[in-house]
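Undergrad: In my numbering, the protein residues as written are 14 to 285. Quick one: the structure is below, questions incoming.
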């Protein structure tokens with residue numbers, strides 16, 4: 014006899030006795046064995062979603078929730094993306110002997126039905142009044158002070174620093190990646206801001222992190238090379254060792270703002 018057992022989690026208790034009415038009526042007590050070749054598998058992915066830094070209340074740490082995606086919903090997002098999800102908020106039910114000792118409190122997860130990748134500015138519903146039309150862009154491009162106007166719009170609450178703002182504008186816009194005679198010339202640049210305390214270096218970094226489509230903000234004080242690049246972690250689902258990306262990995266194809274870079278240790282600084 015054959016029977017199928019639906020499995021909706023990483024752990025389950027396999028059937029040992031045949032649940033059919035014929036076997037129960039005859040009391041044959043036949044034993045069941047799991048057939049791996051006859052099983053049907055679906056794609057499964059577990060995500061960890063954390064709320065954005067600008068949405069965290071003052072004095073609180075960012076909250077996070079575990080998201081489980083199955084089937085075609087998997088591989089819809091990469092680490093560092095801003096996403097909008099719809100699903101069902103469910104408790105994580107324990108199996109086996111752990112189910113008997115389960116109390117009132119339990120872990121929770123989100124069973125995702127839809128995952129949409131967003132831009133950073135689409136987190137809250139944008140107002141269409143702030144968008145520029147093609148006519149507005151064409152009019153701005155014909156202005157003689159177009160470069161100065163764009164640089165002055167960066168952190169307008171900070172007075173001065175015209176050259177610094179122009180450099181940060183070039184960092185945001187980027188360039189064209191070229192390959193000449195087998196040598197790859199990247200279009201992005203790295204910027205190191207050096208100056209006396211209290212000249213708004215951290216405020217400029219915070220503003221760049223706020224308006225960049227993909228960015229991460231961290232501080233060199235207390236950060237290690239492993240936390241900025243990648244760390245080896247143990248997957249709670251499969252038990253295998255996996256790489257968990259740091260700030261630089263999450264800001265791939267974007268901007269990573271590292272404040273207080275001089276406070277880092279030399280070994281961690283060379284790891285970057």
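Don't be surprised by glycine CBs; every beta carbon is placed ideally from N, CA and C.
(1) Give a yes or no on whether the C-beta atoms belonging to residue 5 and residue 243 are separated by under 8 Å.
(2) So, using beta-carbon positions, are residue 179 and residue 201 closer together than 8 Å?
(3) Where does the unbroken alpha helix (DSSP H) through residue 281 begin, and where does it stop?
(4) Express the C-alpha separation of residue 79 and residue 277 in angstroms, rounding to a whole number.
(5) Should the region 231 to 249 be regarded as contacting the region 196 to 214, the criterion being three or more beta carbon pairs within less than 8 Å?
(6) Can you give me the Cβ contacts of residue 140 inside the same chain, cut-off strictly under 6 Å, excluding the 5 residues immediately before and after it?
(7) Let me know the secondary structure DSSP gives residue 174 once reduced to three states.
(8) State the Cα-Cα distance for the pair residue 50 and residue 19, rounded to the nearest angstrom.
(9) I'd like to confirm the pairing. Which residues does DSSP put opposite residue 166 in its beta bridges?
(10) Buried or exposed for residue 81, please, with buried defined as at least 16 other CB atoms from any protein chain shown within 10 angstroms of its CB.
(11) With distances taken Cα to Cα, identify the nearest neighbour of residue 47 among 39, 28, 55, 57.
(12) So, are the CB atoms of residue 129 and residue 86 less than 8 Å apart?
(13) Under 8 Å between the Cβ atoms of residue 182 and residue 206?
(14) Which runs of the beta strand (DSSP E) fall wholly inside the region 193 to 252 and span at least 3 residues, in chain order?
(15) Look up residue 35 in the DSSP assignment and say whether it is helix, strand or coil.
(16) Find the nearest neighbour of residue 219 within the set 67, 60, 61, 37, judged by alpha-carbon distance.
(17) Excluding the 5 residues preceding and the 5 following residue 88 in the sequence, name in chain order all residues of the same chain whose CB lies nearer than 7 Å to its CB.
(18) By Cβ distance below 7 Å, which residues in the same chain neighbour residue 124 in space, the five residues on each side in sequence not counted?
(19) Considering only C-alpha positions, which residue in the set 92, 107, 84 is nearest to residue 131?
(20) Determine whether the beta carbon atoms of residue 237 and residue 281 lie at a separation below 8 Å.
(21) Could you give the distance in angstroms between the alpha-carbon of residue 170 and the alpha-carbon of residue 118?
(22) May I ask which residues mark the beginning and end of the beta strand (DSSP E) holding residue 55?
TA: If we stick to the structure as given:
(1) No statement about residue 5 is possible, as the shown extent of the chain runs from 14 to 285 and does not include it.
(2) Here residue 179 corresponds to residue number 166 of the chain shown, with the count starting at 1. Here residue 201 corresponds to residue number 188 of the chain shown, with the count starting at 1. No, they are not a contact pair.
(3) For this step, residue 281 is matched to residue 268 along the chain shown. Unbroken alpha helix (DSSP H) run through residue 281: 279 to 284.
(4) On the chain shown, position 264 is the one that residue 277 refers to. On the chain shown, position 66 is the one that residue 79 refers to. Between residue 277 and residue 79, the alpha-carbon positions lie close to 32 Å from each other.
(5) A contact between stretches requires three or more CB pairs, one per stretch, nearer than 8 Å, and the region 231 to 249 fails this requirement with the region 196 to 214.
(6) As a first step, residue 140 is located in the chain shown; it is residue number 127 there, counting from the start. Low confidence applies here, because residue 140 scores a pLDDT of 44, under 50, leaving its location unreliable; read the following figure in that light. Nothing listed; no residue qualifies.
(7) The sequence position of residue 174 within the chain shown is 161, counting from 1. Residue 174: coil per DSSP, three-state reduction.
(8) Numbered from its first residue, the chain shown carries residue 50 at position 37. Numbered from its first residue, the chain shown carries residue 19 at position 6. Approximately 15 Å, taken between the alpha carbons.
(9) Here the question's residue 166 lines up with position 153 in the chain shown. Bridge pairing for residue 166: absent [DSSP].
(10) If you number the chain shown from 1, residue 81 lands on position 68. Around the C-beta of residue 81, 16 or more other C-beta atoms lie within 10 Å, and the residue is accordingly described as buried.
(11) In the chain shown, counting from the first residue as 1, residue 47 sits at position 34. Taking only the C-alpha atoms, the option nearest residue 47 is 28.
(12) For the purposes of this step, residue 129 is identified with residue 116 of the chain shown, where counting begins at 1. For the purposes of this step, residue 86 is identified with residue 73 of the chain shown, where counting begins at 1. With a cutoff of 8 Å on beta-carbon distance, residue 129 and residue 86 are scored as not near each other.
(13) For the purposes of this step, residue 182 is taken as the residue at position 169 of the chain shown. For the purposes of this step, residue 206 is taken as the residue at position 193 of the chain shown. It is not a contact, given that the beta carbons lie outside the stated cut-off.
(14) Counting only runs of 3 or more residues that sit fully inside the region 193 to 252, the beta strand (DSSP E) segments are 196 to 198, 228 to 232, 243 to 247, in chain order.
(15) For this step, residue 35 is matched to residue 22 along the chain shown. Three-state DSSP puts residue 35 in a helix.
(16) Mapped onto the chain shown, residue 219 falls at position 206. Of the candidates 67, 60, 61, 37, the one whose C-alpha sits nearest the C-alpha of residue 219 is 67.
(17) On the chain shown, residue 88 is found 75 positions in, with the first residue counted as 1. Within the same chain, residue 88 has close Cβ partners 58.
(18) Counted from its first residue, the chain shown places residue 124 at position 111. Cβ neighbours of residue 124 beyond the five flanking positions: 81, 100, 101, 103.
(19) Within the chain shown, numbered from 1, the residue matching residue 131 stands at position 118. The shortest C-alpha to C-alpha distance from residue 131 to any of 92, 107, 84 is the one to 92.
(20) Working through the chain shown from its first residue, we reach residue 237 at position 224. Working through the chain shown from its first residue, we reach residue 281 at position 268. Between residue 237 and residue 281, the C-beta gap is smaller than 8 Å, which places the two residues in contact.
(21) The residue labelled residue 170 in the question sits at position 157 within the chain shown. The residue labelled residue 118 in the question sits at position 105 within the chain shown. Whole-angstrom Cα-Cα distance: 47 Å.
(22) In the chain shown, the residue the question calls residue 55 occupies position 42. Segment: none, residue 55 is in no beta strand (DSSP E) and carries neither H nor E.
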